[in-house]
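Number of protein chains: 2
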Amino acid sequence: MRQFRHPPVSEIQVESVLYALSDPVRLSIVRQLARDGEASCAALDGGRPKSSMSHHFRVLRESGIVHTRNDGTSHMNTLRRDDLDTAFPGLLAAILSAPC
Amino acid sequence: MRQFRHPPVSEIQVESVLYALSDPVRLSIVRQLARDGEASCAALDGGRPKSSMSHHFRVLRESGIVHTRNDGTSHMNTLRRDDLDTAFPGLLAAILSAPC
DNA sequence: TTGATAGTTCGATAATATTCGAACAATAGC
DNA sequence: GCTATTGTTCGAATATTATCGAACTATCAA
Numbered sequence: 578m579r580q581f582r583h584p585p586v587s588e589i590q591v592e593s594v595l596y597a598l599s600d601p602v603r604l605s606i607v608r609q610l611a612r613d614g615e616a617s618c619a620a621l622d623g624g625r626p627k628s629s630m631s632h633h634f635r636v637l638r639e640s641g642i643v644h645t646r647n648d649g650t651s652h653m654n655t656l657r658r659d660d661l662d663t664a665f666p667g668l669l670a671a672i673l674s675a676p677c
Numbered sequence: 578m579r580q581f582r583h584p585p586v587s588e589i590q591v592e593s594v595l596y597a598l599s600d601p602v603r604l605s606i607v608r609q610l611a612r613d614g615e616a617s618c619a620a621l622d623g624g625r626p627k628s629s630m631s632h633h634f635r636v637l638r639e640s641g642i643v644h645t646r647n648d649g650t651s652h653m654n655t656l657r658r659d660d661l662d663t664a665f666p667g668l669l670a671a672i673l674s675a676p677c
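In order, the protein sequence lines correspond to chains A and B. The numbering of the first sequence is the numbering used here, which starts it at 578 and goes up by one. The numbering of the second sequence is the numbering used here, which starts it at 578 and goes up by one.
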């Protein structure tokens, strides 16, 4: 499949990041990525339809939170921890340490 | 006017806080409160209609970010800094230090 | 090439938010 | 009481988002 757009650190906006993480499904995805390191879309779907998950991954990608790479037919996702820490030091850690 | 509902610290949810702060108008309000300490609704309207501002203050109030007290016909708003730091240590600081 | 698998994209629907004018409520001052 | 000021609430229009099925694309394996 084609490549995805990943905004450079300088273009990551705090409003977009906050918005992306204000959705329970997306926050749950990010929590799992923080714990497991890398995961395919399917591994994180929680029983939801693929099209719904694809939408959420796109929001996470375009806001600069997640990086997606192709691996065969799978898409492997990782948290852009360093980039987020560069852009907004302490933000991700503060959000991840909040109770579920 | 009547009293407002301010959720106790234990009921403040990170998703709600992130959502409230993902709006540019509300984030701007919070930035100004962080800088100035306390302000009336009118002092922060930026030329917007009163009903729109009232809506945004309500979102900030009900998510636990802002405290509103009555002062004559004015409503004075303050950031619930301590409460937010208790609930989500470092979150507010990380967001406020992001560039505008 | 055929089939299976993993995700994306499209399109429609439903839910939720934003915006703002108009009407209302509460307080202060005269 | 009357009036001005401050902000809320209501209602409607608009915009945005979430959800999900269906069709599609890309890759791998046999």
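We put the CB at the ideal spot given by N, CA and C, even for glycine. If you're wondering where the values come from, they're calculated on a predicted model, not measured in any experiment.
Next item on the list: Output the distance between the C-alpha atoms of B:P585 and A:S593, rounded to the nearest integer angstrom.
Entry: Taking the second sequence and counting its residues from 1, one reaches residue 585 of chain B at position 8. Taking the first sequence and counting its residues from 1, one reaches residue 593 of chain A at position 16. B:P585 and A:S593: Cα-Cα distance of roughly 27 Å.
Check: Interface residues of chain B around A:S599 at Cβ under 7 Å?
Finding: Along the first sequence, one-based indexing puts residue 599 of chain A at 22. The answer, in chain order, is E592, L595, Y596, S599.
Checklist line | Alpha-carbon spacing of B:D622 relative to B:A675, whole angstroms | finding: Reading the second sequence from its first residue, position 45 is the one you call residue 622 of chain B. Reading the second sequence from its first residue, position 98 is the one you call residue 675 of chain B. Going by the C-alpha atoms only, they are around 22 Å apart.
Notebook entry, point to check: alpha helix (DSSP H) containing A:R635: first to last residue?
Noted result: Here residue 635 of chain A refers to the residue found at position 58 when the first sequence is read from its first residue. Boundaries of the alpha helix (DSSP H) around A:R635: 627-639.
Notebook entry, point to check: Which same chain residues, not among the five before or five after B:V636, have their C-beta less than 7 Å away from its C-beta?
Noted result: For this step, residue 636 of chain B is matched to residue 59 along the second sequence. Counting only Cβ-Cβ distances below 7 Å, and skipping sequence neighbours, we find A597, R603.
Notebook entry, point to check: Which bits of chain A does B:G667 rub up against, with CB to CB less than 9 Å?
Noted result: Taking the second sequence and counting its residues from 1, one reaches residue 667 of chain B at position 90. Neighbours of B:G667 on chain A, chain order: G667, L668, A670, A671, S674.
Next item on the list: Kindly confirm or deny that the segment 658-669 of chain A and the segment 607-617 of chain B touch, where touching means at least three C-beta pairs closer than 8 Å.
Entry: No, because fewer than three Cβ pairs between the segment 658-669 of chain A and the segment 607-617 of chain B fall closer than 8 Å, the two stretches do not touch.
Next item on the list: Can you grab the Cα-Cα spacing for the pair A:G658 / B:R608, in whole Å?
Entry: Stepping through the first sequence from its first residue, residue 658 of chain A is reached at position 81. Stepping through the second sequence from its first residue, residue 608 of chain B is reached at position 31. Contrary to the premise, residue 658 of chain A reads as Arg rather than Gly in this sequence. Going from the Cα of A:R658 to the Cα of B:R608 covers about 25 Å.
Margin query: For chain A, check one thing: does any of its Cβ atoms lie closer than 8 Å to the Cβ of B:L604?
Written below: Taking the second sequence and counting its residues from 1, one reaches residue 604 of chain B at position 27. Interface residue, yes.
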